[in-house]
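J.: Below you'll find the structure I mean.
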């Protein structure tokens with residue numbers, strides 16, 4: 003399933019957040035230009051026709067994501083361009099140490115460095131992030147991780163868009179992304195569908211997980227925890243506010259993890275699944291109060 007992720011969708015999502023929850027207006031204004039630029043870069047890279055990785059169905063049938071062990075060198079220049087466009091916006095939003103940020107810019111301007119860091123993110127090589135973070139003077143290392151994911155996102159999303167139909171037809175039952183192996187940052191129940199029979203609207207409600215890194219959306223069992231696969235009703239729970247039942251916390255008390263979820267059947271227009279998370283921080287706070295931890299750590303669910 004392909005989610006709306008263009009600049010207009012991002013802007014409408016941020017505007018809706020500010021209108022509905024004014025307390026989030028400062029965050030939405032602060033990070034809004036970053037989300038808009040990510041969407042623009044994705045369109046730009048997709049139009050350039052990035053070299054696409056081969057999909058080995060024999061490997062994916064064994065639960066191996068497409069980009070595991072892939073050579074990222076062909077996309078190093080695009081990654082470098084993404085860094086050049088996004089780092090100044092991140093600097094304005096995060097207000098980091100200027101000297102450390104200058105070193106980071108120089109580091110990511112090297113195609114070999116940035117391709118290696120992207121490979122480390124896909125492989126889960128956190129030691130390289132710790133080492134690089136220490137060398138650049140960026141602490142904690144999770145800050146470098148967030149920055150890197152933001153930089154890599156537009157390129158990887160363009161790759162996802164290019165893979166198109168072959169990717170959507172993969173048989174994949176895992177709770178991690180079939181493209182890059184990352185865990186989901188949010189889930190969605192699909193929008194209502196328009197049928198050919200007198201333009202009737204109905205259906206929808208299929209569950210899709212949204213990748214925290216490459217933005218791919220893949221179908222998943224509606225009654226199971228993406229983190230551990232638990233499908234026992236007794237140990238799973240859904241939390242929501244009465245005033246916004248379409249925004250939910252899907253909690254698993256077996257593994258102690260949770261994932262936010264949006265019911266797209268109740269959304270008009272459809273939100274951008276990355277930007278919308280700015281307006282759901284109160285759900286993350288509530289989940290932490292229940293001693294739950296997110297399936298994917300993001301900037302938003304780690305805010306105090």
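Numbering (this note's numbering), first residue to last: 3 to 306. For glycine and all other residues, C-beta sits at the position ideal for the given N, C-alpha and C.
1. Any contact of the region 87–107 with the region 55–66, i.e. 3+ C-beta pairs under 8 Å?
2. Nearest to residue 12 by CA position, among 128, 90, 23, 40, is which residue?
3. Assuming residue 280 and residue 43 make a contact with CB atoms under 8 Å, what is their CB distance in whole Å?
4. With 16 other CB atoms within 10 Å as the buried threshold, where does residue 17 fall?
5. Spatial neighbours of residue 248 within its chain, please: C-beta separation below 6 Å, excluding the five flanking residues on both sides.
6. Take the Cβ of residue 186 as the centre, count every other Cβ of all protein chains shown within 10 Å, and call the residue buried at 16 or more, exposed below.
7. State yes or no: is the C-beta of residue 37 within less than 8 Å of the C-beta of residue 219?
8. Between the Cα of residue 90 and the Cα atoms of 175, 108, 270, 47, which residue gives the shortest distance?
9. Could you have a look at residue 182 and say whether DSSP puts it in helix, strand or coil?
10. Comparing C-alpha positions only, which one of 124, 84, 227, 127 sits nearest to residue 113?
11. Please report the straight-line C-alpha distance between residue 106 and residue 78, rounded to a whole angstrom.
12. What does a CB cutoff of less than 7 Å around residue 80 pick up in its chain, not counting 5 residues either side in sequence?
13. Using a threshold of 8 Å, state whether the C-beta atoms of residue 213 and residue 237 are closer than that.
14. What residue does the beta strand (DSSP E) around residue 263 start on, and which one ends it?
15. Do residue 215 and residue 123 come within 8 Å of each other at the CB atom, strictly closer than that value?
16. Check for me: the alpha helix (DSSP H) holding residue 78 runs from which residue to which?
17. Looking only at DSSP bridge pairs, what is residue 221 linked to?
18. What does DSSP give as the partner residues of residue 242 in its beta bridges?
19. Between the C-alpha atoms of residue 121 and residue 251, what's the straight-line distance to the nearest angstrom?
20. When you compare only the Cα positions, how much space is there between residue 258 and residue 245?
21. Look at the alpha carbon of residue 119 and the alpha carbon of residue 182, and state the distance between them as a whole number of angstroms.
22. What are the residues that DSSP puts in a beta bridge with residue 271?
23. Who pairs with residue 295 in a beta bridge, going by DSSP?
T.: On the basis of the supplied data:
1. no
2. 40
3. Wrong, their Cβ atoms sit about 19 Å apart, outside the cutoff.
4. exposed
5. 265, 268
6. buried
7. no
8. 108
9. coil
10. 84
11. 16 Å
12. 47, 52, 157
13. no
14. 259–265
15. yes
16. 78–96
17. 210
18. 250
19. 31 Å
20. 26 Å
21. 14 Å
22. Per DSSP, none; premise fails for residue 271.
23. 259
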